[in-house]
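Numbering (the working numbering), first residue to last: 222 to 552.
Here a beta-carbon is modelled for each residue, glycine too, at the ideal position from N, C-alpha and C.
Have a look at the structure below before the remarks.
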Ligand code: 5GP
Ligand code: MN
């Protein structure tokens, strides 16, 4: 059993589940593969193996490229909540990360459980917390929790959801991989989960425009600072030119890190009144601190994100001046 579990916590979780007829599971805003994967897997287990009524809730829709990760036998709500006897927050460290759902979830009288792998979990808001940054993903953490609860790995759809979440969060075994991560993958594949089919759905099903956008941004849209950082600004104009949909710039922020000298890579994506910020770093440089200090965000040590509101955040600087300074001060 992995470090943050422990028999007492598993017993506590079993008891909370035993007392609940209906369970609500919630994931973070702009859901990614890990969020939809772990919520789907745990919901399937609770519905099928424990006979619970379950509802899966997200503040906003999945990108089209992740639609395959929903399970048709589950009820999903997008942008609204429903009452339940137990609330489980997954793949984020605080209710505020569920945006429009946050206040209603936090105000629920039901006991609350956190299952997460980000830094600084908001432990005071939960009756029970499973949290460690020393794991690949919330999906991996869910795998070990399910095993400790007695799951026999026979339900292939639960396994697929977990392997999907772990694969996207590790960027297909490139980052945040621990010995337990390989153990999980090994057990799931041995149980019959088809990894090749999952990889097809995640990495080999994009539209042509995504590949063209990636090329354009690497050519025209990339600025490299000789001190060891890079940034890209995906303006609305570029998004429209490439007919970009939500999720289609996934992975772009990782590319500049393949340059030897680049230790910190930033991608800004323009929305109505703000930019969404993605940060990636090599070991020894903290993407997370940069996100917290300059971009109203957080995340993991080497993969973090946030938001930048030009109207209030720039302090008189131009966007590029602000970004350059934030990057240089974070190296
Ligand atoms: P991405 O760049 O893939 O959107 O996000 C990378 C990581 O940063 C994810 O683990 C995500 O949870 C975290 N992250 C992204 N945006 C935010 C944000 O606005 N606030 C916080 N606290 N974390 C974020
Ligand atoms: Mn995650």
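What number of angstroms, rounded off, separates the C-alpha of residue i from the C-alpha of residue j?
i           : j           : result
residue 505 : residue 341 : 19 Å
residue 373 : residue 253 : 26 Å
residue 538 : residue 526 : 21 Å
residue 479 : residue 326 : 40 Å
residue 248 : residue 298 : 11 Å
residue 434 : residue 446 : 22 Å
residue 312 : residue 347 : 14 Å
residue 236 : residue 229 : 11 Å
residue 500 : residue 482 : 16 Å
residue 233 : residue 466 : 42 Å
residue 385 : residue 422 : 9 Å
residue 206 : residue 550 : A question about residue 206 goes unanswered here, because the residues of the chain that appear run from 222 up to 552.
residue 475 : residue 395 : 11 Å
residue 416 : residue 436 : 28 Å
residue 261 : residue 450 : 37 Å
residue 225 : residue 398 : 17 Å
residue 490 : residue 371 : 43 Å
residue 307 : residue 287 : 27 Å
residue 545 : residue 459 : 21 Å
residue 335 : residue 542 : 38 Å
residue 540 : residue 531 : 7 Å
residue 353 : residue 223 : 10 Å
residue 391 : residue 358 : 7 Å
residue 227 : residue 343 : 20 Å
residue 405 : residue 255 : 15 Å
residue 329 : residue 250 : 19 Å
residue 310 : residue 512 : 22 Å
Terminal residues of the continuous alpha helix (DSSP H) containing residue i?
i           : result
residue 324 : 323-328
residue 483 : Element bounds for residue 483: n/a, residue is neither H nor E.
residue 543 : 540-551
residue 407 : 400-411
residue 266 : 254-269
residue 382 : 377-390
residue 231 : 228-239
residue 455 : Looking at the DSSP string, residue 455 is not in any alpha helix (DSSP H); the run it does join, the beta strand (DSSP E), is 450-455.
residue 437 : 429-440
If I follow the unbroken beta strand (DSSP E) through residue i, where does it start and stop?
i           : result
residue 277 : 274-279
residue 243 : 243-247
residue 445 : 443-446
residue 418 : From DSSP, residue 418 is part of no beta strand (DSSP E) but of the alpha helix (DSSP H) over 416-424.
Mind reading off the beta-carbon distance from residue i to residue j? Whole number of angstroms is fine, and I expect it under 8 Å.
i           : j           : result
residue 291 : residue 283 : 7 Å
residue 383 : residue 364 : 5 Å
residue 258 : residue 280 : Not confirmed; about 17 Å, so no contact.
residue 468 : residue 454 : Incorrect: roughly 19 Å between the Cβ atoms, too far for contact.
residue 484 : residue 514 : Residue 484 to residue 514, Cβ: 16 Å. No contact.
residue 351 : residue 362 : 6 Å
residue 270 : residue 243 : In fact, because the Cβ distance is near 16 Å, the residues do not count as touching under 8 Å.
residue 420 : residue 380 : The pair is not a contact, with the Cβ atoms about 15 Å apart (cut-off 8 Å).
residue 401 : residue 356 : 7 Å
residue 552 : residue 487 : 12 Å between Cβ atoms; not a contact.
residue 238 : residue 264 : Not a contact, Cβ separation roughly 12 Å.
residue 529 : residue 516 : 5 Å
*Note down, one range per segment and in chain order, each alpha helix (DSSP H) of at least 4 residues found wholly within the region 283-364.*
323-328
_Please enumerate, following chain order, all residues with a beta carbon closer than 5 Å to at least one heavy atom belonging to the ligand 5GP._
Spelled out in chain order, the answer is 499, 518, 519, 520, 524, 525, 526 and 527.
*Could you tell me which uninterrupted beta strand (DSSP E) segments, each at least 3 residues in length, are contained entirely in the region 494-532, listed from first to last along the chain?*
496-502 and 524-529
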